[in-house]
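A.B. asks: First, the structure itself, so that you have it in front of you.
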Ligand code: CTP
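In the numbering used here, the protein residues as written are 2 to 404.
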């Protein structure tokens, strides 16, 4: 069970001299908020872009800038900083620092510390597009990969130098997932997990549709948590404003019928299927090609039943496969959960209480009632990401019992 993968973890951030150093200040702030113990090492050119004071204030720790400090505790800084680090992250990594690391050069505190550490080292390049694509830089990056460094590819886009292309510092959301995965116990490795999320939209005409309040947060959190724990995750999502978590394969759909087709195409190949999506049970019988004028719309909408995807998955369930449903309820949580567990041939159902405003739709938190053949259990009121981890713990228990 993982509450917060970063809490208490010792993370060393090595900052080299690029304008992107200011972005890494945000990374340090985020990691400190996640309760990581962050130490920052800066090259002297990095201090030209952002002051050590900025990183000291954001990390809550002193910043290391030179090999030869005056205090006794600094004498072995190049060894001690990286010695018990859980992770070292070089960001931004300039062409110069990449070349030095590839050549094993140790001529300042940052390069010496990297050579002395035995922790996993992530390298996040950031430089001009032509510097990045230069054969020398590409060769050095290959050497780093061969040496076991984890290189996080830069993003494409507009740069501070007004040129465009590959070389922008990778976005933090993606980098954070790489770090979280490396810190997480890989207990779901080898499992293929299919997650559905969000609402579906059932069109009436090009301007109008029937839908519901689902934001997709719980499904996306499940996909993110499962991916961090090493699973191969496919996410089939209805319309949602959320960004697909790093490492997850996303398929976007609109209607219940499209979700049905996408889910059934992936189901047989999945060890676990978690249906967190709020699928519309009905769709308008007639879909108009052109926007209907209000005077012409019938006052009573004729609806047609959508397929019940989960019911169908229950019928097709393969031996060893785990099927998890969700139920958004405002009354009779336990009875409704038990009814759906049996009716849809599920291994587990997660019931959300949507009657209050601290759980269920749109909010960041959730409290799930988990029901399986072995009983019912109310999980703590916590973030959706933590709820996802707790639910995955139960899924893992069931997997261990299946043949
Ligand atoms: N579900 C589905 N396809 C549907 C409707 C629901 O796959 N057409 C899935 C949901 O993804 C969820 C579970 O079934 O995992 C329960 O959804 P819910 O709307 O609570 O259940 P219904 O069977 O629609 O029950 P009711 O409307 O009677 O509450």
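Ideal placement from N, C-alpha and C gives every residue a C-beta, glycine not left out.
Only a predicted model underlies this, so the values are computations on that prediction, with no experimental measurement involved.
Please return the same chain residues whose Cβ sits closer than 8 Å to the Cβ of residue 337, not counting the five positions on each side in sequence.
C.D. replies: 328, 330 and 352
A.B. asks: Could you tell me if residue 358 is buried or exposed, where buried requires 16 or more neighbouring beta carbons within 10 angstroms of its beta carbon?
C.D. replies: Burial call: exposed.
A.B. asks: Can you tell me where the beta strand (DSSP E) holding residue 354 begins and where it ends?
C.D. replies: Taken as a continuous stretch (DSSP letters only), the beta strand (DSSP E) holding residue 354 covers 349-354.
A.B. asks: Got a sec? Which residues, its chain only, sit under 7 Å from residue 67 by beta carbon, not counting five neighbours each side?
C.D. replies: 110
A.B. asks: Measuring CA to CA, which of 335, 360, 183 and 158 is closest to residue 10?
C.D. replies: 183
A.B. asks: Which residue wins for smallest C-alpha separation from residue 163, given the options 172, 129, 175 and 179?
C.D. replies: 129
A.B. asks: What's the C-alpha gap between residue 251 and residue 131?
C.D. replies: Using only the alpha carbons, I get a separation of about 32 Å.
A.B. asks: From residue 209 to residue 224, what does the alpha carbon distance come to, in whole angstroms?
C.D. replies: 30 Å
A.B. asks: Where DSSP assigns a beta bridge to residue 12, which residues make up the other side?
C.D. replies: 39 and 88
A.B. asks: For my contact list, residue 65 and residue 42 are in at a C-beta cut-off of 8 Å; report their separation, rounded to the angstrom.
C.D. replies: 5 Å
A.B. asks: Which of helix, strand or coil does DSSP assign to residue 289?
C.D. replies: coil
A.B. asks: Can you give me the start and stop residues for the alpha helix (DSSP H) that residue 197 sits inside?
C.D. replies: Where residue 197 is concerned, there is no enclosing alpha helix (DSSP H), although the beta strand (DSSP E) it sits in stretches over 193-198.
A.B. asks: Compute every distance between the C-beta of residue 357 and the non-hydrogen atoms of the ligand CTP, then say whether any falls below 7 Å.
C.D. replies: no
A.B. asks: Enumerate in chain order the residues of its own chain whose CB-to-CB distance from residue 343 is below 6 Å, with the five nearest sequence positions on each side excluded.
C.D. replies: none
A.B. asks: Just to check, is the beta-carbon of residue 240 closer than 7 Å to a non-hydrogen atom of the ligand CTP?
C.D. replies: no
A.B. asks: For residue 5 and residue 387, what's the separation of their Cα atoms in angstroms?
C.D. replies: 8 Å
A.B. asks: Hey, is residue 367 close to the ligand CTP, as in C-beta under 7 Å from one of its heavy atoms?
C.D. replies: Incorrect: residue 367 has no Cβ contact closer than 7 Å to the ligand CTP.
A.B. asks: For residue 310, verify whether its CB is less than 7 Å away from any heavy atom of the ligand CTP.
C.D. replies: yes
A.B. asks: Verify the contact flag: residue 210, CB atom, against every heavy atom of the ligand CTP, threshold strictly below 7 Å.
C.D. replies: no
A.B. asks: Does the beta carbon of residue 105 fall short of 7 Å from some heavy atom of the ligand CTP?
C.D. replies: no
A.B. asks: Measuring CB atoms only, is the region 170-181 touching the region 374-383, in the sense that at least three cross pairs come out at less than 8 Å?
C.D. replies: no
A.B. asks: Between the region 251-264 and the region 295-313, can you find at least three pairs of beta-carbon atoms closer than 8 Å?
C.D. replies: Yes: the two stretches touch, three or more of their Cβ pairs being nearer than 8 Å.
A.B. asks: Pick helix, strand or coil for residue 297, following the three-state DSSP scheme.
C.D. replies: helix
A.B. asks: Is any non-hydrogen atom of the ligand CTP found closer than 7 Å to the C-beta of residue 326, if you look at the structure I gave you?
C.D. replies: yes
A.B. asks: Mapping the DSSP letters down to three states, classify residue 237 as helix, strand or coil.
C.D. replies: strand
A.B. asks: For the pair the region 105-125 and the region 76-84, tell me if three or more CB-CB distances fall below 8 Å.
C.D. replies: yes
A.B. asks: Pick out whichever of 370, 217 and 314 has its Cα sitting closest to the Cα of residue 363.
C.D. replies: Of the candidates 370, 217 and 314, the one whose C-alpha sits nearest the C-alpha of residue 363 is 217.
A.B. asks: Can you give the Cα-Cα distance for residue 396 and residue 235, rounded to whole angstroms?
C.D. replies: 16 Å
A.B. asks: Measure the CB-CB distance between residue 239 and residue 285 and report whether it falls below 8 Å.
C.D. replies: no
A.B. asks: Using DSSP with H/G/I as helix, E/B as strand and the rest coil, what is residue 186?
C.D. replies: coil
A.B. asks: Along the alpha helix (DSSP H) that carries residue 250, what are the first and last residues, could you check?
C.D. replies: Not the alpha helix (DSSP H): residue 250 falls in the beta strand (DSSP E), residues 250-253.
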